[in-house]
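Residue numbers (my numbering), protein chains in the order written: chain A, 152 to 260; chain B, 65 to 178.
Each remark here refers to the structure printed beneath this line.
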């Protein structure tokens, strides 16, 4: 699985968009980009995934660069409940996710 | 959405005893379940992949004789920590795969070995 690099922490004002970057420069052609988040002392929650195209669902948008070496998760209107550690994972379709250290997002009022 | 439960949520056991943790997918069948471990202020570490009706696949460095995994049905996987020691104290989390890209995680089990 490709290694990912994310900022250790980020702050975002409540109601504003949160843009979380992820670098996955060694991603291979058949590896997906997955985003999960973990609120303190809970199990992680699936957010979104993508291969080449940008994706959007009810939780977030995923923007993947054309060379697929990086991506950005966008939470369009962050709320206090979005405070969590966000994990960007680049991996295959076997389902065995390798979690990195993630980005600790703090949404502030 | 799909729900995964774990039991117990917390357990304290004495050194040398064994502890069993259950992971259930409540409203879907999961051919594959995963077990993770998370130490304080660290990320999740994949321990093993569990496929229904077959032996689990363990990640490098995880002792299969210490962490026994059984996936007897499409809705239940169990992790037994045998001869537990204080260094096994951790947050154990399971997940069940609904599709290859979407895993649903349980709420976790906090194990404390005294």
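Heads up, the beta-carbon is just placed ideally off N, CA and C, and yes, glycines get one too.
Contact note: residue 176 of chain A does not reach chain B at a C-beta cutoff of 7 Å; the least C-beta distance is about 20 Å. For residue 124 of chain B, no beta strand (DSSP E) run applies, since DSSP gives it neither H nor E.
When the beta-carbon positions are compared, residue 231 of chain A and residue 258 of chain A come within less than 7 Å of each other. Beta-bridge pairing by DSSP links residue 218 of chain A to no other residue. Looking from the CA of residue 237 of chain A, the closest CA among A:243, A:168 and A:185 belongs to A:185. Rounded to whole angstroms, the gap between the alpha carbons of residue 194 of chain A and residue 218 of chain A is 32 Å. One thing to note: residue 97 of chain B has its Cβ within 7 Å of the Cβ of residue 141 of chain B.
Just measuring C-alpha positions, the residue of A:239, A:177 and A:212 sitting nearest residue 159 of chain A is A:239.
The DSSP-derived three-state label of residue 150 of chain B is helix. In the three-state reduction of the DSSP assignment, residue 74 of chain B falls in the strand class, which pools E and B. Listed as beta-bridge partners of residue 251 of chain A by DSSP are no residues whatsoever.
Assignment of residue 162 of chain A by DSSP, reduced to helix, strand and coil, places it in the strand class.
When the Cα atoms are used, residue 213 of chain A and residue 167 of chain A turn out to be separated by approximately 17 Å. Judged by beta-carbon spacing, residue 112 of chain B lies within the 7 Å limit of residue 122 of chain B, meaning their Cβ atoms are closer than that value. Selection B:175, B:115, B:125 and B:169 evaluated against residue 69 of chain B yields B:169 as nearest (Cα-Cα).
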